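Going by mature numbering (1 follows the signal peptide of the UniProt record, and there is no 0), the letters in the sequence shown line up with residues -32 to -1, 1 to 255, in that order. For every residue, glycine included, the Cβ atom is placed at its ideal position computed from N, Cα and C. Please read these numbers as outputs of a predicted model, since none were measured by experiment.
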Amino acid sequence: MPIRPLESPRSSYRAVLALAISATAGLLSACAANLPSQSAKVPELRPGVPAGYLAPDARPDSLALVPQPPAAESAAFALDKDTAKLAQTQWAKSGSARWKQAQLDADLSFPAAAGTFSCAVNAPISEAQTPRLYMMLRRTLVDAGLATYRAKDRYNRTRPFVATSTSSCTPAEEAKLAKDGSYPSGHSAAGWAWALVLTEIAPDRADAILMRGRAFGQSRIACNVHWQSDVNEGRMVAAATVARMHADPVFEADLAAARDELAKVRAQGLPPNRDCAAEAAALVTNP
């Protein structure tokens, strides 16, 4: 099937997403699970940018899945504002360990993002040590992130740092983010999709993985770039995306291969490629 480029005239944040997934070259991925194992080059959106598993018309429709964002005078928006204020004044103050963790979680570029769940699975995740899983995370990022855009484009919700005339944990990205809709959160969708996939790859680590996936979304509140309702609905889009990917035979084959791959790495007792003590300390404050 032909693969269209990132498909919206409002492409500022999608440019960030494209840069995130284009940091490394494409790897090889297995063909359908019911076919003999063979190598096939991962399709690309453009050179160096791997496509997701789903064709654009197969991605979940976020506009159909999520409700309208909370109205300005609603109780739901009051809760959004209270949550944002608590983050900035209590649990994720600027310069705090939780705020610095939010900065790390904001980086969707690879190889940096590959280690996000390394502590949760208690093993390294890298292109060299877990190549199938590495590429699987990159491709899932594309599907989950882009699935948020029908709703993002329709609602064009203002981000909290813009609405409150404050700053975020990623000031260099503020000009781009200010032009991109806040609802639902693409980062949160990607992080929750990763968590759901990884619980199938390492089910004995499910609690730690899901806790990390939740914290990844809450980092967007700590960073002051998303409201809580943005994050919540990003997780909804992620769940729909992962459910849909299970109908794709290439995804299923990669899932099985990544499960075996990670098991072998874990059997070697190799340490995670993140500072797990620092991460755990930062995430103690994670409402």
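- Of the residues T134, L164, Q56 and D48, the one whose Cα lies closest to the Cα of I177 is L164.
- Under the three-pair Cβ rule at 8 Å, the segment 92 to 109 counts as touching the segment 240 to 252.
- Y21 is the residue among A211, T253, Y21 and Q196 whose C-alpha sits nearest the C-alpha of M104.
- Leaving aside the five residues that flank L31 on each side, the residues in its chain whose CB is nearer than 8 Å to its CB run, in chain order, R118, A119 and R122.
- The Cβ-Cβ distance between Q69 and A250 falls below 8 Å.
- For L76, there is no enclosing beta strand (DSSP E), as DSSP marks it with neither H nor E.
- With contact defined as three or more Cβ pairs closer than 8 Å, the segment 142 to 159 and the segment 51 to 59 are not in contact.
- Rounded to whole angstroms, D75 and L223 show a C-alpha spacing of 24 Å.
- Residue environment for E41: exposed (fewer than 16 other C-beta atoms within 10 angstroms of its C-beta).
- Proximity to E201 across A225, N192, R180 and H155 peaks at H155, based on C-alpha coordinates.
- Within the model, the alpha-carbon separation for G113 versus L33 is close to 15 Å.
- For E12, the uninterrupted beta strand (DSSP E) run begins and ends at E12 to R14, by DSSP.
- Separation of G83 and L166 (C-alpha to C-alpha, rounded to the nearest whole angstrom) is 12 Å.
- Restricting attention to alpha helix (DSSP H) runs no shorter than 4 residues, the segment 91 to 161 encloses them at 99 to 115, 117 to 123, 128 to 131 and 142 to 146, ordered along the chain.
- For N200, the enclosing alpha helix (DSSP H) covers residues Q196 to M213.
- The way I'd put it, the segment 179 to 187 doesn't touch the segment 220 to 237; fewer than three beta-carbon pairs between them come closer than 8 Å.
- In this structure, DSSP gives P18 an extended state, which the three-state scheme calls strand.
- Straight-line spacing of the CA atoms in W160 and A207 works out to 8 Å.
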